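Remarks on the structure that follows.
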Amino acid sequence: MSSIRNFYRYLFRKHFLSARTAAVLIISYLLMDMFLSPVRDFAKSVDVSVSPWGAPLVLSGPYIVMVFMLLYFFWISDFPVTDRTQLYIVNRIGIGKWIGGQTLYILSTGFFYILHLWLGINLLLLPVMKYEAGWGKVFGTLSQPQISADQGILLEIPYRIISNYDPLTTNINMLLICSLVTGVIGVLVLSLNAYLRMSGIVVGTFISFFCLATRYLPDSWHKLSPLDWMQIDNYSSSINKDLLSYPYVYIALSLLLILFTVVSRYRVEKMELGR
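Residue numbering for the sequence shown follows the working numbering, starting at 31 and increasing by one per position.
This is the structure:
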């Protein structure tokens, strides 16, 4: 375990503390500010505060999810790390711990990225924010498409979430599911890149655009699109079997994580590192 931890620290120092990470975090923050600026302006114009629970509402549109996931794929597109230094590391700690360290790093970047988005949303809305137990009047008003369009707001605020879900529970589920989805897709990118360099980013890009296509398909297609799992609006609050359920998504993510990790290890065992 100490070997995995030390290798993880090495990856953190070399890759997390890098210009690529800084670029992704800065660009994502600026993009989020672009999306949320009209919401702040609207709240100021009507002199009504925004509640602190808006992250699941902001991240429920397929376009905004696609944009931020494409940024994440760019961030991790160079994994697994296979430079000449890795041959020395593998000989010291073994293939299992080597791929375990890379997988752990990818999963933690997924969690950090979603936490960064969640914190960014709240920081950007902080000037017009006031604590309240519910979703608040601002988000309730902006869930009406015509009002959002009149205010130049690009976000799609789903009224179904506001009318059917508790804010605190929804935020917790959003953080967990989005972190898991991001991490699991990151491990998929890692395993595919181990077979053919940059193939993971191609598949990741396809997954991103596929979530746009599912909005024009029957509801049952949401079960096949991981990025749809990140959008709480696609979950059923009743017995609609075509929509997603939390147990289905948590079980699917757990199985996919095991599968992609096994595939990564199998492929890495056959790789010639350092070439």
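Here a beta-carbon is modelled for each residue, glycine too, at the ideal position from N, C-alpha and C. The structure displayed is predicted, hence computed values, not measured ones.
The Cβ atoms of L87 and F169 sit closer than 8 Å to each other.
Looking at the backbone, the Cα of H45 and that of V76 are separated by about 44 Å. In the displayed model, Y265 falls within a strand according to three-state DSSP.
Under a 10 Å Cβ-count criterion, I119 is classified as buried, with 16 or more other Cβ atoms of the shown protein chains found around its own Cβ. The beta carbon of S275 lies closer than 8 Å to those of Y265, S266 in the same chain, with the five residues before and after it left out. The Cβ neighbour count for T115, taken over all protein chains shown within 10 Å, is under 16; the residue is labelled exposed. C-alpha of L172 to C-alpha of G131: approximately 43 Å in a straight line. Residue pairing by DSSP puts M159 in a beta bridge opposite V80. Taking C-beta atoms as the reference points, I191 and I262 count as a pair closer than 8 Å. Among the bridge pairs identified by DSSP, L242 is matched with none. Linking R43 to L134 through their CA atoms gives a straight-line distance of about 14 Å. When the Cα atoms are used, G84 and I151 turn out to be separated by approximately 8 Å.
Between T139 and G216 the beta-carbon gap is near 7 Å, inside 8 Å, which marks them as a contact.
If the five residues before and after P82 are omitted, its C-beta is found closer than 7 Å to the C-beta atoms of N152, M159, Y161, all from its own chain and listed in chain order. The segment 175-182 and the segment 224-242 do not touch, with fewer than three beta-carbon pairs separated by less than 8 Å. Between the alpha carbons of L61 and G124 lies a gap of roughly 41 Å. Closest in C-alpha terms to P248, from the list S221, D272, L220, comes D272. Listed in chain order, the non-local C-beta contacts of L100 below 6 Å within the same chain comprise S238, local neighbours out to five positions each way being set aside.
Residue burial is scored here from C-beta neighbours: K253 has at least 16 other C-beta atoms within 10 angstroms and is therefore classed as buried. In this structure, the beta-carbon distance from V211 to W259 falls below 8 Å. Rounded to the nearest angstrom, the Cβ distance from I183 to V69 is 6 Å, consistent with a contact under 8 Å. With contacts defined by Cβ atoms closer than 8 Å, L222 and V233 form a contacting pair.
Each residue's CA atom was taken as its position, placing S294 and L287 some 11 Å apart.
Burial check for T199: the Cβ neighbour count within 10 Å stays below 16, so the residue is exposed.
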